[in-house]
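To keep things clear, I will list the structure first and then write my remarks on it.
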Amino acid sequence: MNNIEKALEILQLTQDGDKLSPRQLKLLEMSVNGFLSEVGQESFSELHKKVLGGNYQEWFHDIEGLTKDHHGYIYWKGDHVEHYSFRGDYEVEKAAAQELAARCKHLEAIGVEPSVITAIWQWEEYQNITPAQSN
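In the numbering used here, each number is its position in the sequence shown, counted from 1, plus 749.
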């Protein structure tokens, strides 16, 4: 199977690429355009295998449970919790992602569902509640 056939299969299995991370989508684009190095080709073949196996989700900044779509929406375990883009400032974005994940974990620990409302807009109401207080 050549790269174009693999790319088509990946697109079919990921809602036309909407379920891929921006990095994965760029890898797919480079494969179709013939711009992959040997390492890139290995990465693309690995992506193809992962997609076929249904295990291709990339965590945002390697934070388990946190994902980001192509429009800047951030999700915690599939639920929308924030929207942002730091335009290339990796360290600032990573710190914000870590803070957001910590908030989501805290909310879950006190029995509150993480959302844009609870993790962002009303965070001050929840930040000092301990798990013992929430029971």
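The beta carbon of each residue, even a glycine, is placed where N, CA and C say it ideally should be.
Below 7 Å between beta carbons: does that hold for residue i and residue j?
| i | j | result |
| --- | --- | --- |
| SER770 | GLU807 | yes |
| LEU815 | ALA850 | yes |
| LEU757 | GLY766 | no |
| VAL800 | LEU760 | no |
| ILE812 | ALA846 | yes |
| TYR833 | GLY821 | yes |
Can you give me the C-alpha to C-alpha distance between residue i and residue j, rounded to a whole angstrom?
| i | j | result |
| --- | --- | --- |
| TYR805 | GLU754 | 18 Å |
| LEU856 | LYS843 | 20 Å |
| ASN782 | LEU776 | 10 Å |
| CYS853 | ALA881 | 17 Å |
| LEU796 | GLN764 | 15 Å |
| PHE784 | PRO863 | 40 Å |
Any heavy atom of the ligand GTP within a distance shorter than 6 Å of the CB on residue i?
| i | result |
| --- | --- |
| GLU862 | For the structure depicted, the ligand GTP is absent and the ligand set is empty, with no information on it obtainable. |
Quick one: grab the DSSP three-state call for residue i.
| i | result |
| --- | --- |
| LEU785 | coil |
| GLU813 | coil |
| VAL841 | helix |
| HIS820 | coil |
| TRP808 | coil |
| GLU831 | strand |
Which same chain residues, not among the five before or five after residue i, have their C-beta less than 7 Å away from its C-beta?
| i | result |
| --- | --- |
| LYS817 | PHE809 and ILE823 |
| GLU874 | none |
Excluding five sequence neighbours on each side, which residues of the same chain lie with their C-beta closer than 6 Å to the C-beta of residue i?
| i | result |
| --- | --- |
| GLY860 | SER883 |
| PHE835 | VAL841 and GLU842 |
| ARG772 | none |
Below 8 Å CB to CB, which residues in the same chain sit around residue i once its five sequence neighbours on both sides are set aside?
| i | result |
| --- | --- |
| SER794 | LYS755 |
| THR879 | ILE859 |
| GLU831 | TYR822, ILE823, LEU849, VAL865, ALA868 and ILE869 |
Quiz item: Does the region 819-827 come within contact of the region 787-795, defined as at least 3 CB pairs closer than 8 Å?
Solution: Below 8 Å, too few C-beta pairs join the region 819-827 and the region 787-795 to call them touching: fewer than three.
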